[in-house]
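Take 946 as the starting number for the sequence shown in the working numbering and just add one per residue.
For glycine and all other residues, C-beta sits at the position ideal for the given N, C-alpha and C.
Since the model is a prediction, treat every value here as computed from it, not as a measurement.
These notes are about the structure you will find just below.
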Amino acid sequence: MIPKITAVLVTGLFAGLGWAQIELNQASEIDLDGLQGVGPSLTRQVLNERQKGAFTDWADVMQRIKGIGPKKADSLSAQGLRVQGQLYTPSAPTSAPATTTPKPQ
């Protein structure tokens, strides 16, 4: 009995995840306003920029939309927002190779 209940819950969870996905290039004003952290101003920016051309990826979104940076992109992605079907994945921080300066003798 418990395995059946678990299977139903897992199936429902995955069905819910599929339903909650919102494609930024097709989202309506209502879809965008329904996201936490997105208000009317940000929605207008997205819709206006989208008229100029579809967003190609999250980097394109962050470049074109003032107010969407890595933290906001991560939050929106966690809520189901996708760009070209892709989740936001922060790029690995790039670090310059460590340089050592010799100690004076």
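- prompt: Is it true that the CB of residue 967 sits closer than 9 Å to the CB of residue 1025?
  reply: Numbered from its first residue, the sequence shown carries residue 1025 at position 80. Numbered from its first residue, the sequence shown carries residue 967 at position 22. For residue 1025 and residue 967, yes; Cβs fall inside 9 Å.
- request: Identify whether residue 983 lies in helix, strand or coil by the three-state DSSP scheme.
  value: In the sequence shown, residue 983 corresponds to position 38, counting from 1. The answer is coil: DSSP assigns residue 983 none of H, G, I, E or B.
message: On a Cα-Cα basis, can you pick out the residue from 1034, 1004 and 1016 that is closest to residue 981?
response: In the sequence shown, the residue the question calls residue 981 occupies position 36. Answer by Cα proximity: 1016.
- request: Have a look at the DSSP bridge pairing and note the partners of residue 1026.
  value: Against the sequence shown, residue 1026 aligns to sequence position 81. In DSSP, residue 1026 forms a bridge with 967.
query: Just the Cα atoms here: how many angstroms apart are residue 1023 and residue 1049?
result: Against the sequence shown, residue 1023 aligns to sequence position 78. Against the sequence shown, residue 1049 aligns to sequence position 104. C-alpha separation (whole angstroms): 51 Å.
field: Whole-Å CB distance - residue 992 paired with residue 983, under 8 Å assumed
entry: By 1-based counting over the sequence shown, the position of residue 992 is 47. By 1-based counting over the sequence shown, the position of residue 983 is 38. The Cβ separation is near 11 Å, so there is no contact.
task: Evaluate residue 988 with the Cβ neighbour count: other Cβ atoms within 10 Å of its Cβ, from every protein chain shown; 16 or more gives buried, anything less gives exposed.
output: Here the question's residue 988 lines up with position 43 in the sequence shown. Looking at its Cβ environment, which holds 16 or more other Cβ atoms inside 10 Å, residue 988 is buried.
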